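In terms of my numbering, the sequence shown opens at residue 1 and continues consecutively. Built from N, CA and C at the ideal position, the CB exists for glycine as well. Given the structure is predicted, the values throughout are model-derived calculations rather than measurements. Following: one structure in structure tokens, then a few remarks.
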Amino acid sequence: MVEEVKPIDEAFQLPTLQQDELLIDVRRIEGRKTERQTPDDRHDPFELFMVCQIHSCPLFEIRYTLTMKGATVVLVAGGHTHALVLKEFQRRGLVLSDLIVISDSEKSPYSGLLTGQIAGIYADPEIYIEVERLTRSVQGRFIKDAVRGIDFKTRDIETERHGKIHFDLLSLNCGARPDRSSIQGSSAYAHAVKPTQAFQQEFNDFLTKASERVPVRIIQIGGGVAGVECSAGFRRRLDDLGISADITLMESGPVLLPSHNRRVRRAVLQMLSSLRITVRTGEAVHEVREGQLLTEREAIFPFDFAVQATPAQPQEWVRNLELAHCGNFIQIDDFLKTSHPNVFAVGDVAKNPHWSIPRAGVYAVREAPILCHNILATLSGSPLKSYRPQKRYLNLIMDGHGRAIASRGWFYFPRSRLMWWLKDRIDRGFVRKLNTL
Ligand SMILES: Cc1cc2nc3c(=O)[nH]c(=O)nc-3n(C[C@H](O)[C@H](O)[C@H](O)COP(=O)(O)OP(=O)(O)OC[C@H]3O[C@@H](n4cnc5c(N)ncnc54)[C@H](O)[C@@H]3O)c2cc1C
């Protein structure tokens with residue numbers, strides 16, 4: 001459902017942007033030299049940002065650091081898009097004199113590595129982007145706190161422990177989580193794959209107790225790619241720990257992965273069968289009780305650990321924001337702007353009614369260069385860039401045992417070590433790049 005975009009209040013005037021000094025740091029092979037220049041009125045801050053990139057040749061490297069003073073820019077949450085925007089600031093040597101990042105954790109999990117972590121392939125620290133470190137590297141202020149609401153009239157962000165935080169320009173990248181309210185009793189008796197850190201803790205606690213009562217029964221609710229990979233991850237982890245387990249994957253629809261081509265669907269079913277995972281399609285879970293799961297056709301399934309990985313929804317405070325919404329998501333336009341002229345929203349929390357794309361980290365990643373440009377352009381009154389999401393993207397579906405299936409539109413590549421090698425290389429490389437300062 002698309003809401004009318006209603007004006008919230010007048011676009012407030014952003015404080016005039018001023019440039020501080022431009023620091024040009026020339027590193028030569030034999031030494032180092034730093035020059036300071038104060039940009040004069042002829043320098044447009046936006047254009048300066050655009051030329052602010054590292055120039056290097058075999059003999060020397062020139063780094064510019066441009067400080068921009070003026071507006072308070074607040075990035076809410078360190079999702080994929082914001083992490084990449086911070087990285088881009090760092091790469092280009094841009095310092096916003098009043099940049100604040102508010103996130104409920106110093107580090108943010110990278111989606112591509114989540115299920116590999118469940119499988120035990122990746123250690124906990126390997127899957128995290130170090131958002132606090134990234135923020136500090138661009139001289140921003142990191143506030144570890146959870147946002148609970150935003151007052152757009154006073155331009156204050158309400159946090160749990162730090163009270164109100166003022167903003168001039170705001171961007172929201174706080175993701176979405178499986179909708180617990182869609183299944184009665186899920187919050188009390190089942191677990192959700194997101195938020196990731198809470199899930200890791202709950203899964204580890206379960207594993208500690210699991211060896212005492214074998215075989216354990218695990219039910220994965222939701223047969224999308226996340227659910228398929230989680231089931232494969234559970235199998236690998238429990239096998240490695242020598243814990244025997246009955247794993248069931250439940251999907252309300254008639255088939256798994258309906259948006260993927262037939263060959264991919266067949267290969268995924270073969271993969272799950274080889275991993276001894278029972279697949280139950282057409283089985284809509286409507287209630288979870290202690291140790292029992294009830295489906296719409298009134299079947300009862302006992303379990304020791306039930307996990308929900310159904311389609312994600314924004315948190316309640318996001319749904320209550322005085323912004324136009326599209327369904328429960330924050331409605332955005334092609335420039336990633338919300339119905340408020342000085343507020344952007346990106347990643348899973350946002351939705352453009354004209355795009356028909358799934359909730360996937362790939363899109364949050366691709367939005368980053370556009371958001372980076374548009375933040376700077378808004379600050380300096382320059383034209384914004386629009387974002388066109390790609391229609392398809394490459395899915396590499398892991399089996400948790402060193403192989404993966406490739407799927408993209410009509411393209412299919414069988415479960416193989418080659419595809420796993422590719423996935424591992426892309427995902428690890430992504431996190432490594434962000435964490436290398
Ligand atoms: C098991 C699983 C596997 C997946 N695998 C893939 C995959 O392989 N490829 C892919 O493209 N997508 C995958 N996805 C989807 C992917 O995780 C999301 O689309 C992606 O993470 C969205 O990124 P984001 O930047 O919007 O937000 P997130 O990555 O969800 O980041 C949101 C951040 O906001 C913080 N936050 C949340 N609420 C608050 C608050 N109130 N205050 C402050 N901070 C807050 C969180 O701590 C988090 O750091 C997977 C999803 C799941 C569940």
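Collapsed DSSP secondary structure at residue i in the structure displayed
i      : result
Lys351 : strand
Arg42  : Residue confidence is low: Arg42 scores 49 on pLDDT, short of 50, so the model does not pin down where it sits. No coordinate-derived value is stated.
Glu106 : coil
Gly258 : Residue identity check: residue 258 is Pro in the sequence provided, not Gly. Of the three classes helix, strand and coil, the one that applies to Pro258 here is coil, per DSSP.
Tyr189 : helix
Pro125 : helix
Lys423 : helix
Val438 : Because the chain is modelled from 1 through 437, residue 438 falls outside the range shown and cannot be assessed.
Gln201 : helix
Glu296 : coil
Asp239 : helix
Gly149 : strand
Asn435 : helix
Gln390 : coil
Ile357 : coil
Lys385 : coil
Thr159 : strand
Thr310 : coil
Lys194 : coil
Test item: CB-CB of residue i and residue j under 8 Å
i      : j      : result
Tyr122 : Lys107 : no
Ala192 : Arg180 : yes
Thr81  : Ala364 : yes
Asp334 : Ser386 : yes
Ala176 : Gln313 : yes
Leu272 : Arg265 : no
Gly222 : Glu251 : yes
Trp317 : Arg148 : yes
His260 : Ser407 : yes
Ala324 : Gln315 : no
Ile485 : Val268 : The structure shown does not extend to residue 485, since the chain is modelled only from 1 to 437, so the question has no answer here.
Arg235 : Leu275 : yes
Given residue i as reference, the closest of the options once Cα atoms are compared
i      : options                           : result
Thr310 : Thr248, Val225 and Pro341         : Val225
Leu238 : Ile330, Leu323 and Phe305         : Phe305
Gln308 : Gln315, Val288, Arg136 and Gln270 : Val288
Lys144 : Gly116, Gly185, Ser186 and Ile100 : Ile100
Phe430 : Val346, Glu290, Ile332 and Lys87  : Lys87
Pro389 : Leu379, Gly409, Ser416 and His354 : His354
Ser186 : Leu269, Leu437 and Glu290         : Glu290
Asp205 : Ala146, Ile118 and Thr72          : Ile118
Arg425 : Leu113, Leu84 and Asn352          : Leu113
Thr278 : Gly253, Gln220, Arg432 and Val138 : Gln220
Range covered by the beta strand (DSSP E) that runs through residue i
i      : result
Arg266 : Careful: Arg266 lies outside any beta strand (DSSP E), inside the alpha helix (DSSP H) at Arg262 to Ser274.
Ser407 : Ala404 to Arg408
Ala245 : Ala245 to Glu251
Ile332 : No beta strand (DSSP E) contains Ile332, which DSSP labels as neither H nor E.
Ile118 : Per DSSP, Ile118 belongs to no beta strand (DSSP E); it is in the alpha helix (DSSP H), Leu114 to Ile118.
Ser171 : Leu169 to Leu172
First through last residue of the alpha helix (DSSP H) which encompasses residue i
i      : result
Val85  : His80 to Arg92
Tyr412 : Tyr412 -> not in any alpha helix (DSSP H); beta strand (DSSP E) instead, spanning Phe411 to Ser416.
Ser380 : Gly361 to Ser380
Ser137 : Val131 to Ser137
Glu316 : Glu316 to Arg319
Report task. Report yes or no: do the stretch 88-99 and the stretch 171-179 share at least 3 C-beta pairs separated by less than 8 Å? Result -> no
Query - Three-pair Cβ contact test at 8 Å for the stretch 393-402 versus the stretch 414-433 - result: yes
Query raised in the report: So does the stretch 200-218 actually touch the stretch 233-250, counting three or more Cβ pairs closer than 8 Å?
Result: At 8 Å Cβ cutoff, the stretches touch.
Query raised in the report: Contact between the stretch 368-377 and the stretch 335-347: three or more CB pairs below 8 Å?
Result: yes
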